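Numbering (the numbering used here), first residue to last: 97 to 380. From the three backbone atoms N, C-alpha and C, an ideal C-beta is built for every residue, glycine too. Every value quoted in this text rests on a predicted model; they were computed, and no experiment measured them. For reference, the structure is listed below as structure tokens.
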Ligand SMILES: [Zn+2]
């Protein structure tokens, strides 16, 4: 019997909220239970996956030994392994065509974790580890990344920027522009601090065009809602931005998309932002 392809996989583990990085974790359970109470997780074609930690051998392919030792001393190693495991397992379901897209909750963020350094609530670069895993285990070669967290994704650029098989489109606010390697398939969109929904969305359209013109096998969205006006990053986005963002992405990329949660701490914003995206992704 042929199994019908799912529409959306939501990756969540209670340990993200229990043991995640302090500033990031209080939003997690409220956002997840909001998805439940709205009924999105009961919609046809929607599944929830509880991940297991990634094996350390995959982490070692991406991060230096000193980096890993440092993360072990941070107290967040276990939850970072679980977060990266969730991104890998979500992305794998997408590339195996069992589901159109996934939304991965995490307990620690990833985009400031470079090969040999970490800061800014990030410990292991979940997306870079997933890219490494999918290359080795599934033979994938081409990836696209759109990072809408307002802080510069320096770790992702450090690890994946030199890879000609990766396009990295990185949103950031003017002050956090990192200035690291442009060129190849790397694009930095440095917007003014007070950028609102319409200005941001006009750049989203440019990002979509760039990524559409770059043949790829999987698109990652690094999804930080710290770009909301009531969260701790810059930008003046409102709750209406998030479902509109997801609609525009889905219209051009109806499948093979993996959302990975990034910055944000305000539970009310998280409920609206994540809820808005999952509402769109779980709709027929
Ligand atoms: Zn951020």
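Distance cut-off 6 Å: residue i Cβ against heavy atoms of ligand 1
i           : result
residue 264 : no
residue 359 : yes
residue 245 : yes
residue 329 : yes
residue 166 : no
residue 212 : no
Under the three-state DSSP convention, the category residue i falls into
i           : result
residue 209 : coil
residue 192 : coil
residue 158 : coil
residue 114 : helix
residue 298 : helix
residue 243 : strand
residue 166 : helix
residue 346 : helix
residue 121 : helix
residue 373 : helix
residue 202 : coil
residue 312 : coil
residue 251 : helix
residue 337 : helix
residue 364 : helix
residue 186 : helix
residue 324 : strand
residue 172 : coil
residue 291 : coil
Other residues of its chain near residue i: CB distance less than 7 Å, five sequence neighbours each side excluded
i           : result
residue 234 : 191
residue 172 : 117, 204 and 219
residue 119 : 217 and 361
residue 150 : 177, 180, 181, 184 and 225
residue 293 : 333, 334, 336 and 337
residue 311 : 238
residue 255 : 158, 210, 211, 221 and 224
residue 288 : 270
Whether residue i touches residue j by CB criterion (7 Å)
i           : j           : result
residue 226 : residue 218 : no
residue 251 : residue 209 : yes
residue 332 : residue 290 : yes
residue 249 : residue 282 : no
residue 316 : residue 223 : yes
residue 102 : residue 141 : yes
residue 318 : residue 245 : yes
residue 115 : residue 195 : no
Same chain only: Cβ atoms within 6 Å of residue i, ignoring 5 sequence neighbours per side
i           : result
residue 365 : 321, 324, 326 and 327
residue 369 : 321 and 338
residue 163 : 212
residue 128 : 108
residue 262 : 239 and 256
residue 299 : 285
residue 266 : 243, 249 and 284
residue 125 : 113
Minimum C-alpha distance to residue i - residue among the options
i           : options               : result
residue 166 : 344, 215, 300 and 335 : 215
residue 153 : 128, 311, 229 and 315 : 229
residue 304 : 288, 353 and 256      : 353
residue 137 : 105, 158, 157 and 335 : 105
residue 197 : 157, 268, 143 and 148 : 143
residue 269 : 310, 356, 330 and 296 : 330
residue 297 : 355, 242 and 146      : 242
residue 301 : 349, 314 and 260      : 349
residue 148 : 314, 201 and 378      : 201
residue 123 : 371, 378, 189 and 376 : 371
residue 264 : 193, 121 and 309      : 309
Ligand 3 heavy atom lying under 6 Å from the CB of residue i
i           : result
residue 320 : You won't find ligand 3 in this model; what it holds is ligand 1.
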